[in-house]
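Notes follow the structure.
Number of protein chains: 2
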Amino acid sequence: MKTSICDQYGIDFPLFAFSHCRDVVAAVTNAGGLGVLGGTAFTPEALEQELNWIDEQVRGKPYGVDIIVPAKFEGKGEKLEAGALVDRIPAEYREFVTELLASHDIPDDHKRRVGGSSLSGDTGEALLEVALRHPIKLMANALGVPPPYMIEAGQSSGVPVAALVGAREHALKQVAAGVDLIIAQGTEAGGHCGEVSTLVLVPEVLDALAEVGSDIPVLAAGGIVTGRQMAACVAMGAAGAWTGSVWLTTEEAETAPHTVQKMLTATSRDTIRSAGRTGKPSRQLVSDWTNAWAPNPGGQKPLPLPLQSMLVEPTLRRIDKLAASGHPGAQELATYFVGQGVGLMNKVKPARTVVLEFIEDYLAAAQRLSDSVPD
Amino acid sequence: MKTSICDQYGIDFPLFAFSHCRDVVAAVTNAGGLGVLGGTAFTPEALEQELNWIDEQVRGKPYGVDIIVPAKFEGKGEKLEAGALVDRIPAEYREFVTELLASHDIPDDHKRRVGGSSLSGDTGEALLEVALRHPIKLMANALGVPPPYMIEAGQSSGVPVAALVGAREHALKQVAAGVDLIIAQGTEAGGHCGEVSTLVLVPEVLDALAEVGSDIPVLAAGGIVTGRQMAACVAMGAAGAWTGSVWLTTEEAETAPHTVQKMLTATSRDTIRSAGRTGKPSRQLVSDWTNAWAPNPGGQKPLPLPLQSMLVEPTLRRIDKLAASGHPGAQELATYFVGQGVGLMNKVKPARTVVLEFIEDYLAAAQRLSDSVPD
Numbered sequence: 001m002k003t004s005i006c007d008q009y010g011i012d013f014p015l016f017a018f019s020h021c022r023d024v025v026a027a028v029t030n031a032g033g034l035g036v037l038g039g040t041a042f043t044p045e046a047l048e049q050e051l052n053w054i055d056e057q058v059r060g061k062p063y064g065v066d067i068i069v070p071a072k073f074e075g076k077g078e079k080l081e082a083g084a085l086v087d088r089i090p091a092e093y094r095e096f097v098t099e100l101l102a103s104h105d106i107p108d109d110h111k112r113r114v115g116g117s118s119l120s121g122d123t124g125e126a127l128l129e130v131a132l133r134h135p136i137k138l139m140a141n142a143l144g145v146p147p148p149y150m151i152e153a154g155q156s157s158g159v160p161v162a163a164l165v166g167a168r169e170h171a172l173k174q175v176a177a178g179v180d181l182i183i184a185q186g187t188e189a190g191g192h193c194g195e196v197s198t199l200v201l202v203p204e205v206l207d208a209l210a211e212v213g214s215d216i217p218v219l220a221a222g223g224i225v226t227g228r229q230m231a232a233c234v235a236m237g238a239a240g241a242w243t244g245s246v247w248l249t250t251e252e253a254e255t256a257p258h259t260v261q262k263m264l265t266a267t268s269r270d271t272i273r274s275a276g277r278t279g280k281p282s283r284q285l286v287s288d289w290t291n292a293w294a295p296n297p298g299g300q301k302p303l304p305l306p307l308q309s310m311l312v313e314p315t316l317r318r319i320d321k322l323a324a325s326g327h328p329g330a331q332e333l334a335t336y337f338v339g340q341g342v343g344l345m346n347k348v349k350p351a352r353t354v355v356l357e358f359i360e361d362y363l364a365a366a367q368r369l370s371d372s373v374p375d
Numbered sequence: 376m377k378t379s380i381c382d383q384y385g386i387d388f389p390l391f392a393f394s395h396c397r398d399v400v401a402a403v404t405n406a407g408g409l410g411v412l413g414g415t416a417f418t419p420e421a422l423e424q425e426l427n428w429i430d431e432q433v434r435g436k437p438y439g440v441d442i443i444v445p446a447k448f449e450g451k452g453e454k455l456e457a458g459a460l461v462d463r464i465p466a467e468y469r470e471f472v473t474e475l476l477a478s479h480d481i482p483d484d485h486k487r488r489v490g491g492s493s494l495s496g497d498t499g500e501a502l503l504e505v506a507l508r509h510p511i512k513l514m515a516n517a518l519g520v521p522p523p524y525m526i527e528a529g530q531s532s533g534v535p536v537a538a539l540v541g542a543r544e545h546a547l548k549q550v551a552a553g554v555d556l557i558i559a560q561g562t563e564a565g566g567h568c569g570e571v572s573t574l575v576l577v578p579e580v581l582d583a584l585a586e587v588g589s590d591i592p593v594l595a596a597g598g599i600v601t602g603r604q605m606a607a608c609v610a611m612g613a614a615g616a617w618t619g620s621v622w623l624t625t626e627e628a629e630t631a632p633h634t635v636q637k638m639l640t641a642t643s644r645d646t647i648r649s650a651g652r653t654g655k656p657s658r659q660l661v662s663d664w665t666n667a668w669a670p671n672p673g674g675q676k677p678l679p680l681p682l683q684s685m686l687v688e689p690t691l692r693r694i695d696k697l698a699a700s701g702h703p704g705a706q707e708l709a710t711y712f713v714g715q716g717v718g719l720m721n722k723v724k725p726a727r728t729v730v731l732e733f734i735e736d737y738l739a740a741a742q743r744l745s746d747s748v749p750d
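For the protein sequence lines, the chains are A and B, in the order given. The first sequence begins at 1 in my numbering and counts up by one. The second sequence begins at 376 in my numbering and counts up by one.
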């Protein structure tokens, strides 16, 4: 494609693919898009290994790294001793999880109950240092305004910095902070998301940037799992699409098999926006787990970030393992971050095929719109 | 434009405009779109007058009528005496409204507390008879599967029947019931709406219809207030757009002035999907009124349809009058059905200008998408 963002990032098709799986990242980059590795869950050493592997696979083609460094979180700015955050998880919340598991025939495992605080952003700077030793072409922060060290690293290294936003006001804040690429992500997105739909948010953000004289590119995100949806957003003025969910059912993805099956049969109504996973609203598959937390009526109010994920992540990973072994209660509880586009994800495919189908579907949509206009 | 739906309905541009205001309906039809009068709130006699006026204005150009006949409602199938539905409104709900008003310095007015049950669908057939005496080119039912008498009237009169859907499954039900036009309305829409966003729902509904071998046209709805958003939906395969909110801030609309002001300054985050107005989830401006009802935390659980609107409509109309006279408490309470597109509605314009701007913006979007594709 002949758009300025393709020139700027050295890609053939402005499809950005967020994935925790290095195989997906490399496959998308090698197919002409831009793969972005979600790096937050890795240790700096593990991230180094992942990026070395990607470098070998893509041989100079562009890819990026996404690190979640939330602007606000419990304990921010305090000098905390190790374990101090853990102590802020009330006993009643541990008991709530124990009872929820028990009601699904899962005995509790007290040793593995509380996880690390990766979402507190305390490893963000170390991860970024690792990433910058590799030829990355993009660094992204998926939650709030990037920290100053990320903006500064971007300026000194020449690597563009991207930020996800769910509201017009947040886009303006990001531009003021100095980011190079805005990802306008609608409420239909998997993972952390706002309340405004992609179809409204994209033009609203573009208008807001135009009003302040900014012409930085805006990628559309949220619900986009086909080329026709991407074309729709480009027609509205987006420079391309940022995607995540669609890669979860690719052959390369490390998604647990029972979760893949849930996704293939899910309709767009089988997701919910809930804070029951990280403490901030994020969209995920509806399950007995999501039903147990507010805003579901009668649900437990989640803890703030990062306490909620410290409380629940190890348990959810254990649920995934039990579900994979056929445990019925665990299968009722199992959930995963995914957007409403899951309703359009009906088949496991190689990531490369997904990219090629995106391109084909995009071209067909452009032709369809062009055909509607008189010569 | 040269699309089959334009030929089928005798219009120049596939922009369908739902409005309670006859001036908007006539202006859109006369500008090349298709105006649709929301008829449910009228008596049969009043509807006759409105349609006579429209006939004089449009002189044979196509327009339609929308009548809400819900598939399910309290009291359906029962032989009720006059006033029997009113008795099903619990005293505590009347008291709740009294207290909500009192907390905003509005004394209660017991004479005007309960309204008619227009949403029970009991006047639907009479309204439809009136409409069919006029040269209407479309009849629509905005809530659920149209009643058999509407489908039959459509078949015998040759007037196409349209139905709004918010989910893939509902679209399949509507096709099985025999409707001629599907309006796939996303969660960002004003008024009654589902949970799935327009960007996901439109391709999901189109895929579902293709799977059952149906090729009936699908209009996109929900959040569409600009031509670029309409073009986006046509790129995805929609035959055109169904709109409502954008007409509320036109010069012709009868929207209360303080409500117009709220809409002009609102962002897309100033709406909420709440059952606090009709008993079914509908999107409206956030206000102290919507905040008082579930799903807002601690909010009162709404009554089922049509009891909730019987309880609240006369009060909301009184609130509108007080708000117009400058009453601060009433202004905090005042609300109106509107979609997230309200964030893009920033100026009062004639309805004809809105249509012309839609066309211009649509063409620019088509050009933008076309330019992104190599020759």
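Built from N, CA and C at the ideal position, the CB exists for glycine as well. Keep in mind that this is a model prediction, so the values were computed, not measured.
A/ARG168 places its beta carbon less than 8 Å from that of B/GLY718. Looking at the DSSP output, B/THR646 sits in a beta bridge with B/LEU660. With three or more CB-CB distances shorter than 8 Å, the stretch 8–19 of chain A counts as touching the stretch 244–258 of chain A. For the pair B/LEU513 and B/ALA546, the CB atoms are not nearer than the 8 Å cut-off.
In this structure, B/GLU579 is the residue among B/GLU586, B/ARG693, B/GLU579, B/GLN742 with its C-alpha nearest to the C-alpha of B/LEU594. Distances from the alpha-carbon of A/LEU34 to those of A/ARG22, A/PRO314, A/THR43 put A/ARG22 closest. Exposed is the label assigned to B/ARG463, since fewer than 16 other Cβ atoms lie within 10 Å of its Cβ. Counting of Cβ neighbours within 10 angstroms places A/PRO257 among the exposed residues, the total staying below 16. Going by C-alpha positions, A/HIS192 is about 8 Å away from A/LEU143.
In this model, A/LYS280 and A/PRO306 are separated by some 9 Å (Cα to Cα).
Straight-line measurement puts the Cα of B/TYR468 at about 21 Å from the Cα of A/GLY298. Beta-carbon to beta-carbon, B/GLU629 and B/PRO725 are separated by about 14 Å, too far to satisfy the 8 Å threshold. Unbroken alpha helix (DSSP H) runs of no fewer than 4 residues, entirely contained in the stretch 211–242 of chain A, are found at 227–236, following chain order.
When CB distances to chain B are screened at a threshold of 8 Å, the residues of the stretch 199–213 of chain A falling below it are LEU199, VAL200, LEU201, PRO203, GLU204, ASP207, in chain order. The beta carbons of A/GLY186 and B/SER572 sit about 6 Å from each other, so the pair counts as a contact at 8 Å.
Neighbourhood of B/ALA610 in chain A, by CB distance below 8 Å: ARG228, ALA231, ALA232, ALA235, ALA365, ALA366, ARG368, LEU369, in chain order. Residue contact with chain A for B/LYS377: present (Cβ-Cβ distance below 8 Å to some residue of chain A). By the neighbour-count criterion, in which 16 or more other beta carbons inside 10 Å mark a residue as buried, B/LYS696 falls on the exposed side. Proximity of chain A to B/GLY718 at the Cβ level (cut-off 8 Å) is accounted for by ARG168, VAL196, VAL200, GLU204, in chain order.
Shown here, B/PHE388 sits in coil according to DSSP, grouped into three states, outside any helix or strand. Under the DSSP assignment, A/ALA162 falls in the beta strand (DSSP E) whose first and last residues are 161–165.
As DSSP reads the structure, B/LEU412 sits in a beta bridge with B/SER394, B/VAL440. Where B/LEU502 is concerned, there is no enclosing beta strand (DSSP E), although the alpha helix (DSSP H) around it starts and stops at 499–507. Rounded to whole angstroms, B/LEU731 and A/VAL145 show a C-alpha spacing of 39 Å. In the DSSP annotation of this structure, the continuous segment of the alpha helix (DSSP H) that includes A/MET263 starts and ends at 257–265. When DSSP reads this structure, B/GLY565 sits in no beta bridge, so it has no partner. Per DSSP, the continuous alpha helix (DSSP H) segment holding B/ILE694 begins and ends at 682–699. Listed as beta-bridge partners of A/TRP293 by DSSP are A/GLN300.
The beta-carbon of B/GLN560 is placed no less than 8 Å from the nearest beta-carbon of chain A.
Taking 8 Å as the cut-off, the Cβ atoms of A/ARG228 and B/MET611 count as close. Proximity to A/ARG283 across B/GLY651, B/GLU570, B/ALA406, B/GLN659 peaks at B/GLU570, based on C-alpha coordinates. Not a single C-beta of chain B is nearer than 8 Å to the C-beta of A/ARG318. Per DSSP, B/GLN549 lies in no beta strand (DSSP E); the unbroken alpha helix (DSSP H) holding it starts and ends at 543–552.
As the crow flies, the alpha-carbon of A/SER325 is around 16 Å from that of A/LEU101.
With fewer than 16 neighbouring CB atoms inside 10 Å of its own CB, B/ARG692 falls in the exposed class. In the structure shown, A/PHE358 falls within a helical segment according to DSSP collapsed to helix, strand and coil.
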